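Novice: Below: one structure in structure tokens.
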Amino acid sequence: MAVRTSDSGPKAAAATATRLPYRADLDGVRGLAIALVVVFHVWFGRVSGGVDVFLALSGFFFVGTLLRVAESHAPLDPRPVLRRVGRRLFPPLIVVLLGTTVAAVALLPYTQWFRVAEQTGASLLFMQNWHLARTASDYLAADPMVSPLQHLWSISVQGQFYLGALLVVFGAVWVLRRRSLPSRGPLAVLLALLTAASLTYAILADVPQSWRYYDSAARMWELTLGGVFACVIPWLRIPRPLRIVLGAAGLAVLFLCGVLIDGNSLFPGPWALVPVGAAMALILGGHTPTGDGTADTPTARWLSSVPLVRLGSVAYALYLWHWPVLIGYLVIRETPSVGPLGGLAVIVISLVLAEATTRWLENPIRRSDSGRMRTVLVASVTVFGLVLMAASASWTTHVARQDGVLERVVALTPDRYPGAAALTGFADAEPQPVQPPLLVAHLDLPPATLDHCIAQHTNREPLTCTYGDPLSTRRMVLAGGSHSEQWLAALDTIGKERGFRIDTYLKVGCPLSDPLAPLTEESPTVECDTWSVKVLAELQADPPDYLFTTSTRTKDEGEGPGDFTPFWYVDLWRTLDEYGIPVVAIRDNPWLFHGDTRYRAADCLAGGGSSDSCGVARSDALDPVDPAIEASAFSPNVSLIDLSDSLCRANTCRVIEGNVLIYRDDNHLTTTYVRTMTPDLDEQLGPATGWW
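Spelled out as structure tokens, the structure:
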């Protein structure tokens, strides 16, 4: 993924620039890093640290390229550098995006094309990391629902760094040249300051890990540190014994990093210094005092071996291909993991595609003497890139225009779309086209989300809005995460009809809890815990008549079928009892899964499934008896509501009832279906509150 040392500098400066020799050991480092990335992604679902090594090497190589231009006293023209980097990055990227798009259209239901199209456009613009940060994607183990383009976040970070480094380095050199000052020392200091600033931000920024992982500002220190080493390495004279130790230590750390450190939850904070430090140790360990590129230590000689250097030569293409191939395998086999033989097949296919891409695309573009082959290839992939961008933009625009369909969904007539009423036996209807439409089902969101009244991942402060009858003296608080929020549409209607006010305290991914342990920034639940503590303080200061929240959760993978009441729910109920706040707790809805794989209802239906085949067995999703009954036995302030019979039949929880789609994804209800459950909720909420 890094720019090669042999590809650096514009032609005008090639003759006069002070050029570092080609170091085969660093190509070997790239080969080893990509091997670790692929193996850990395919078989272990963990972050190996290899991507961080790539980022550090990219900073080292690219800043070295710019320094050679600066020290050659050639004009500071960014265009040759940009052309060279563009020819290096874009053609393989476009080919992989094109292949992935074609495969997605062939293999995935049309309801998933929007996600692929959206991320294709983001990747072509080197903005994929920001897209993933915004959508809070997890870069962990692959499964069929994960985007085949998720790994391209690091390519986007590199592209942004190249532009930023070009501006910073050339800008600084321009200033230094005007004062007849040398470039290398001041640039080392400037890059060191930027490194310190970025690392400080990565450590102290008040943002969730799901954002921090993809944040360019938090990642940039990994590249600028490589740039610092590019500045100072010609001055270093490291004794061979010390270089042997550095090389051996760096190699050992690189092998053990992914095993011992959970990079997904710890990078790019201080723990990322482990793989980045290993990369710097290997750079120093292979740097001879004479600077002739000779591999004179055991580690450098091993890294310079033909297999690793060969693997390093295809590292960029292999990185691009391995993730889409992995996701494609999982989609075709309909399995959440590859297994030993399947993983081997994924790796072999990825290697073949990487070799073909490197041999027939990258190398001719980079090494063509006549330029004719380069021109043809560059022109061809440019056309493909433009077509791909246009197609992606067209599809995302088409889906965006479907938003208006949801406005009509609100006005569905109950005689044609009875929803839950058909399930409970109070209504029947002839088959109609399912609503909301599958293509926009994920946009059928609760009122709080549409009103921007649910705290996002980056917000720890309570955020409240009022629904129902805002003038009523009877007050109910709806608190928790998205599974509490999804009942708001029905509660809002009931509140208006029955005359009570609803205040919301909602946060994405955070059931309300009473944290018993002290709050620390290192805690994986610090975002939710901090928010919960502040919400509880407001509730204690101004107690509502009732608090409405969830009472159960679906059991996690490996814990068996059914649902359960977490102990922290019970702790919360006891705390609320101390505050004198009664609780109305509703049983959570069934989640959609086959075996260990979760799936979206719309995807299953668009792929040819039926309401029954896309559903889940009731015995798999729900315990025979609501587990909250036993859990709340010693909590007299808790009243329970169970609407499972409004969601499931005796043996099956289907995904369509009364012509209405029940799920907007794999675990949340569509707001349209929740509205059809309003009478059922009203029937149980009255006795639970005693208000009617």
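Using the UniProt record's numbering, you'd call the opening residue of the sequence shown number 1 and step up by one each time.
Yeah, the Cβ is synthetic: ideal placement off N, Cα and C, and Gly gets one too.
These figures come from a predicted structure and were not determined experimentally.
Can you check whether the CB of Leu-318 is closer than 8 angstroms to the CB of Pro-91?
Specialist: Within the sequence shown, residue 91 is the residue found at index 91, counting from 1. Within the sequence shown, residue 318 is the residue found at index 318, counting from 1. Not a contact, by the Cβ cut-off of 8 angstroms.
Novice: Candidates Thr-520, Thr-397, Pro-418 and Leu-36: which alpha carbon is nearest Glu-430's?
Specialist: As a position in the sequence shown, residue 430 is number 430, starting the count at 1. Out of Thr-520, Thr-397, Pro-418 and Leu-36, Pro-418 has the C-alpha closest to the C-alpha of Glu-430.
Novice: Taking just the CA atoms, how far does Gly-328 sit from Tyr-139?
Specialist: Counting from one through the sequence shown, the residue named residue 139 turns up at place 139. Counting from one through the sequence shown, the residue named residue 328 turns up at place 328. Note on Tyr-139: pLDDT 44, under 50, position unreliable in the model; the coordinate value appears next. Roughly 17 angstroms separates the two Cα atoms.
Novice: According to the neighbour-count rule (16 or more other Cβ atoms, all chains shown, within 10 Å of its Cβ), is Val-383 buried or exposed?
Specialist: Numbered from 1 along the sequence shown, position 383 holds the residue referred to as residue 383. So Val-383 counts as exposed.
Novice: Based on Cα-Cα distance, which residue from Tyr-673, Arg-46, Leu-592 and Leu-97 lies nearest to Ala-391?
Specialist: Within the sequence shown, numbered from 1, the residue matching residue 391 stands at position 391. Here the closest residue by C-alpha is Leu-97.
Novice: If you follow the beta strand (DSSP E) that Ser-198 is part of, which residue opens it and which one closes it?
Specialist: Locating residue 198 in the sequence shown gives position 198, where the first residue counts as 1. Here Ser-198 belongs to no beta strand (DSSP E); instead the alpha helix (DSSP H) covers 184-204.
Novice: Counting Cβ pairs, one atom from each stretch, are 3 or more of them under 8 angstroms apart for the region 655-663 and the region 519-535?
Specialist: Taking 8 angstroms as the limit for Cβ pairs, the verdict is that the region 519-535 does not touch the region 655-663.
Novice: Is the beta carbon of Thr-464 less than 8 angstroms from the beta carbon of Asp-503?
Specialist: For the purposes of this step, residue 464 is taken as the residue at position 464 of the sequence shown. For the purposes of this step, residue 503 is taken as the residue at position 503 of the sequence shown. Going by C-beta atoms, Thr-464 is nearer than 8 angstroms to Asp-503.
Novice: Looking only at DSSP bridge pairs, what is Leu-488 linked to?
Specialist: What you label residue 488 is simply residue 488 of the sequence shown in a count that begins at 1. Bridge partners of Leu-488: none, in fact.
Novice: Using C-beta distances below 6 angstroms, list every residue in its chain close to Val-583, excluding the 5 sequence neighbours before and after it, in chain order.
Specialist: In the sequence shown, residue 583 corresponds to position 583, counting from 1. Here the set comprises Leu-547, Trp-573, Leu-576, Asn-637 and Val-638.
Novice: Which stretch, first to last residue, makes up the alpha helix (DSSP H) that contains Ile-244?
Specialist: Start at 1 with the first residue of the sequence shown, and residue 244 comes out as number 244. Here the alpha helix (DSSP H) through Ile-244 covers 240-260.
Novice: Shortest alpha-carbon distance to Ala-479 belongs to which of Leu-108, Ile-494, Glu-497 and Ala-455?
Specialist: Start at 1 with the first residue of the sequence shown, and residue 479 comes out as number 479. The residue with the shortest Cα to Cα distance from Ala-479 is Ala-455.
Novice: Taking the straight line between their C-alpha atoms, what separation do you get for Ala-541 and Ser-210?
Specialist: Within the sequence shown, numbered from 1, the residue matching residue 541 stands at position 541. Within the sequence shown, numbered from 1, the residue matching residue 210 stands at position 210. C-alpha separation (whole angstroms): 32 angstroms.
Novice: Give the DSSP bridge partners of Pro-547, in chain order.
Specialist: For the purposes of this step, residue 547 is taken as residue 547 along the sequence shown, with counting starting at 1. Inspection of the sequence shows that residue 547 is occupied by Leu rather than by Pro. For Leu-547, which the question treats as bridged, DSSP gives the partners Val-477 and Val-583.
Novice: With DSSP collapsed to three states, give me the class of Gln-158.
Specialist: In the sequence shown, counting from the first residue as 1, residue 158 sits at position 158. Three-state result, Gln-158: helix.
Novice: Does the Cβ-Cβ distance between Leu-284 and Leu-251 come in under 8 angstroms?
Specialist: Here residue 284 refers to the residue found at position 284 of the sequence shown. Here residue 251 refers to the residue found at position 251 of the sequence shown. It is not a contact, given that the beta carbons lie outside the stated cut-off.
Novice: Does Ile-332 pass the burial test, meaning 16 or more other C-beta atoms within 10 Å, or should it be called exposed?
Specialist: By 1-based counting over the sequence shown, the position of residue 332 is 332. Exposed.
Novice: Helix, strand or coil for Val-674 per DSSP?
Specialist: Mapped onto the sequence shown, residue 674 falls at position 674. Three-state result, Val-674: helix.
Novice: How big is the Cα-Cα spacing for Thr-671 and Pro-590?
Specialist: The residue labelled residue 671 in the question sits at position 671 within the sequence shown. The residue labelled residue 590 in the question sits at position 590 within the sequence shown. Between Thr-671 and Pro-590, the C-alpha separation is close to 16 angstroms.
Novice: Tyr-214: buried (16+ other C-beta within 10 angstroms of its C-beta) or exposed?
Specialist: Counted from its first residue, the sequence shown places residue 214 at position 214. Buried, because 16 or more other Cβ atoms sit within 10 Å of the Cβ of Tyr-214.
Novice: Going straight from the alpha carbon of Leu-66 to that of Asp-206, what length do you get?
Specialist: Indexing the sequence shown from 1 puts residue 66 at position 66. Indexing the sequence shown from 1 puts residue 206 at position 206. Those two C-alpha atoms are separated by around 34 angstroms.
Novice: Taking the C-alpha atoms as reference points, what is the distance between Gln-128 and Pro-239?
Specialist: By one-based count along the sequence shown, residue 128 stands at place 128. By one-based count along the sequence shown, residue 239 stands at place 239. Looking at the two C-alpha atoms, the distance is approximately 43 angstroms.
Novice: What does a CB cutoff of less than 6 angstroms around Tyr-673 pick up in its chain, not counting 5 residues either side in sequence?
Specialist: Translated into positions along the sequence shown, residue 673 becomes position 673. Around Tyr-673: Gly-419, Val-660 and Ile-662.
Novice: Using the three-state DSSP reduction, which class does Leu-669 fall into: helix, strand or coil?
Specialist: Along the sequence shown, read from residue 1 onward, the residue named residue 669 stands at position 669. The answer is strand: DSSP assigns Leu-669 an E or B state.
Novice: Taking only the alpha-carbon atoms, compute the straight-line gap between Trp-323 and Ile-349 and give it to the nearest angstrom.
Specialist: Stepping through the sequence shown from its first residue, residue 323 is reached at position 323. Stepping through the sequence shown from its first residue, residue 349 is reached at position 349. Taking the straight line from one Cα to the other gives about 11 angstroms.
Novice: Can you tell me whether Lys-507 is helix, strand or coil according to DSSP?
Specialist: The sequence position of residue 507 within the sequence shown is 507, counting from 1. Of the three classes helix, strand and coil, the one that applies to Lys-507 here is strand, per DSSP.
Novice: Does the beta-carbon of Val-42 have 16 or more other beta-carbons within 10 angstroms, so that it is buried, or is it exposed?
Specialist: Position 42 of the sequence shown holds residue 42. Answer is buried; the Cβ neighbour count reaches 16.
Novice: Is the distance from the Cβ of Leu-190 to the Cβ of Ser-183 below 8 angstroms?
Specialist: As a position in the sequence shown, residue 190 is number 190, starting the count at 1. As a position in the sequence shown, residue 183 is number 183, starting the count at 1. No, Cβ-Cβ distance for Leu-190 and Ser-183 is not below 8 angstroms.
Novice: CA-CA distance, Arg-68 and Arg-237?
Specialist: Indexing the sequence shown from 1 puts residue 68 at position 68. Indexing the sequence shown from 1 puts residue 237 at position 237. Their Cα atoms are separated by approximately 20 angstroms.
Novice: Given this structure, state the Cα-to-Cα distance separating Ala-17 from Ala-74, to the nearest angstrom.
Specialist: The residue labelled residue 17 in the question sits at position 17 within the sequence shown. The residue labelled residue 74 in the question sits at position 74 within the sequence shown. Reliability fails at Ala-17, whose pLDDT of 40 lies under 50, so the model's placement of it is uncertain and no value is given.
Novice: Where does Arg-83 land, buried or exposed, given buried means 16+ other C-beta within 10 angstroms?
Specialist: Looking up residue 83 in the sequence shown gives position 83. Its Cβ having fewer than 16 others within 10 Å, Arg-83 is exposed.
Novice: Starting from Tyr-467, follow its DSSP beta bridges and name the residues at the other end.
Specialist: The sequence position of residue 467 within the sequence shown is 467, counting from 1. According to DSSP, Tyr-467 bridges with Ile-502.
Novice: Measuring CB to CB, does Arg-372 end up less than 8 angstroms from Ile-365?
Specialist: Looking up residue 372 in the sequence shown gives position 372. Looking up residue 365 in the sequence shown gives position 365. Going by C-beta atoms, Arg-372 is not nearer than 8 angstroms to Ile-365.
Novice: Rounding to the nearest angstrom, what Cα-Cα distance links Gly-690 and Arg-475 in this structure?
Specialist: By 1-based counting over the sequence shown, the position of residue 690 is 690. By 1-based counting over the sequence shown, the position of residue 475 is 475. Answer to the nearest angstrom: the Cα atoms are 13 angstroms apart.
Novice: Quick check on DSSP: helix, strand or coil for Asp-563?
Specialist: Numbered from 1 along the sequence shown, position 563 holds the residue referred to as residue 563. The answer is strand: DSSP assigns Asp-563 an E or B state.
Novice: Go to Val-63, then tell me how far its alpha helix (DSSP H) extends in each direction, as first and last residue.
Specialist: Start at 1 with the first residue of the sequence shown, and residue 63 comes out as number 63. From DSSP, the alpha helix (DSSP H) with Val-63 extends over 50-71.
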